[in-house]
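Notes to accompany the following structure.
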Amino acid sequence: MKNPLSLVSEAVERFGLINPEDRLIVGFSGGPDSVFLVLALRELYPETELHLVHLDHGLRDDSARDADFCSEFAREMGVPITLRRSNVGELARELGVGVEEAGRAERYRLFRETKESLGFTKIATGHTLSDWLETYLMNLFRGAGIRGIRGLAPRAGDVVRPLILLEKEAIMDYLTEAGIPFREDPTNLDTSFTRNWVRHELLPRLRARFYAGADALRKHLIAVNEAWEYIRKEAEASAEETARPSPRGEHIFNRDALLCYNSFLFKMMVLEIIPGVSAEHLEELVAVLRRGGEFHLPGSWKAQASERDLRFFQRELPGWKGEMLVEREGVYPVPDLNLALEVSWRDRSEGLFSASFPRSVLPFTLRTRRPGDRWGAKNLKDKMISLRIPAWRRDLIPLVVQGNRVLWIPGFAAWRVRGRAEITLRIRRLSDEFWVYDF
């Protein structure tokens, strides 16, 4: 059997979990896994700064003893600790979720709050190979889809799991032989909790029938992680290849290019953008990509497939609700649209962002579209549809109008006005930030 400390070192090196400059928040329950994690980190990475964080969930009468143990352990190790107490049962009722889910959310909230306040870089948790297998099976039976294939990741954002190649039994043996104390949570034996049922009821039966040793499980975890990382990098590259310039907080992609991709790769791209998307949402997104339309996603996200684009956004762009009366030559900036209109007495000029008109068009108004606007005999909306302008872009395009009569849709079309061209209108970008003509 491999030495537990060597397996920690192997995990850190193989998965790139800890860098020399890292400062680690350690999730610390006082149980065997978190106790061993602190001991291993101190032994293998003595120069790495640690700060322990313990959350008393308020679910047991004797939970204060766990906090006392954690405080004493931290003192003996010479490591600072943050102790907090929360009523997780009440929180679960408020959120309408299970106690396990509420506890996990509260723990990670506290981990990240402490990490940010102290300026630390990562969060280390005591998840093991046994936890990975339990999660893998739970995901499998829940139909968790793409993410279920991976189970627990050795690294997920700012969270690292240095014990991911160790089984719990190896940790228990190590601590017992060394005479190192730890706390045991009696609720871990309560099989009314799904994970405990998997751990104590399902896994022993599976092992008895289909025995797989720790080495075999480690190889499987490593292979799955390698495959996942490869696919994730492919998804990142595909996203870069198909991305269009986007406003802040949005993601816009070339829809035609996405339609050429394998649906699995497309789903991986979505997961990189919106991690909380379920397997059902991903299937519906594939359908929206193919047929067009709009779809609501978790976290107030929406997906919108127009003729050219697939757009992910959380709120509609505010656009520009004002207007400018233009009576003479000059520069008329519109910061809300990141553009300016230039009016000059020049010869006729052609181009997507310039148009020439007789002096008689003055004065005119610069604004965005409004109900009742016309393009000749047509409704402006019909004209924009014929120009294949996506619906979400239409309210961001500046217009040159007289009353409700549109004379120029910059970048798309100019109305022919009788008379000699005497003034030139140009639209230019104000900065490198997004503007509506980024396609």
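Basically the working numbering = 1-based index in the sequence shown + 864.
In this text, a Cβ means the ideal position worked out from N, Cα and C, and glycines have one as well.
With C-beta atoms as the reference, is residue i less than 7 Å away from residue j?
i       : j       : result
Leu974  : Val1024 : no
Thr989  : Lys1032 : no
Glu1206 : Val1190 : no
Phe856  : Arg1047 : As displayed, the chain neither begins before 865 nor continues past 1303, which places residue 856 out of reach and without an answer.
Leu881  : Pro1026 : yes
Pro871  : Leu1029 : First, the residue type needs correcting, since residue 871 is Leu and not Pro in the sequence shown. Their beta carbons are under 7 Å apart, which means Leu871 touches Leu1029 by this criterion.
Asn1268 : Asp1237 : yes
Arg1192 : Glu1286 : no
Val1152 : Phe1159 : yes
Leu1244 : Val1264 : no
Arg1119 : Asp1173 : yes
Arg1345 : Phe984  : The requested residue 1345 does not occur in the structure, where the chain is confined to residues 865 to 1303.
Glu1297 : Asn1202 : yes
Phe1228 : Gln1266 : yes
Gly1275 : Leu1181 : no
Ser873  : Leu908  : yes
Phe1177 : Glu1104 : no
Leu1135 : Ser1102 : no
If distances are taken between C-alpha atoms only, which option among the options comes closest to residue i?
i       : options                            : result
Arg1019 : Ala1278, Asn883, Leu1174           : Asn883
Asn1060 : Arg1282, Glu1105, Leu1216, Thr999  : Thr999
Met1133 : His1160, Arg1175, Pro1045          : Arg1175
Ile1273 : Arg1284, Ile1287, Phe1057, Tyr1301 : Tyr1301
Thr912  : Ile889, Gly1012, Leu919, Glu977    : Ile889
Asp1037 : Val1281, Lys866, Arg1280           : Lys866
Arg1006 : Val1062, Val1088, Arg971           : Val1062
Asp1079 : Glu936, Arg1257, Leu997            : Leu997
Ser994  : Ile1253, Leu1067, Ser1127, Val1225 : Leu1067
Ile1116 : Arg1108, Thr978, His1084           : Arg1108
Val1198 : Arg1210, Lys1185, Trp1209          : Lys1185
Arg1280 : Ile1253, Arg1290, Ala1219, Arg1292 : Ala1219
Write down the C-beta distance between residue i and residue j rounded to the nearest angstrom, noting that I regard them as a contact closer than 8 Å.
i       : j       : result
Pro868  : Ala1034 : 5 Å
Ser950  : His921  : 6 Å
Gly894  : Asp930  : 5 Å
Ser1170 : Ala1255 : 6 Å
Asp1259 : Thr1232 : 6 Å
Arg948  : Leu919  : 5 Å
Gly1021 : Arg971  : Their Cβ separation, rounded to whole angstroms, is 15 Å, which puts Gly1021 and Arg971 out of contact at 8 Å.
Leu1230 : Pro1262 : 6 Å
List the residues that DSSP assigns as beta-bridge partners of residue i.
i       : result
Thr946  : Val917
Ile882  : None, per the DSSP bridge assignment.
Thr985  : Answer is none; Thr985 lacks a bridge partner.
Phe1276 : None, per the DSSP bridge assignment.
Arg1175 : Ile1116, Gln1168
Glu1187 : Arg1231
Ile809  : Residue 809 lies beyond the residue range present for the chain, which begins at 865 and ends at 1303; the question has no answer from this structure.
If we define contact as Cβ-Cβ less than 7 Å, is residue i a contact residue for chain B?
i       : result
Ala1277 : Among the chains of the structure shown, chain B does not appear; only one protein chain is present.
Quiz item: If you scan the segment 1208-1271 from start to end, which runs of the beta strand (DSSP E) of 3 or more residues do you find wholly inside it?
Solution: 1218-1221, 1228-1231, 1263-1266
Quiz prompt | beta strand (DSSP E) segments (min. 3 residues) lying fully within the segment 1106-1160 | solution = 1115-1118, 1157-1160
Exercise. Quick one: which unbroken alpha helix (DSSP H) runs of 4-plus residues sit fully inside the segment 989-1059? Chain order, please.
Key: 993-1006, 1010-1014, 1032-1042
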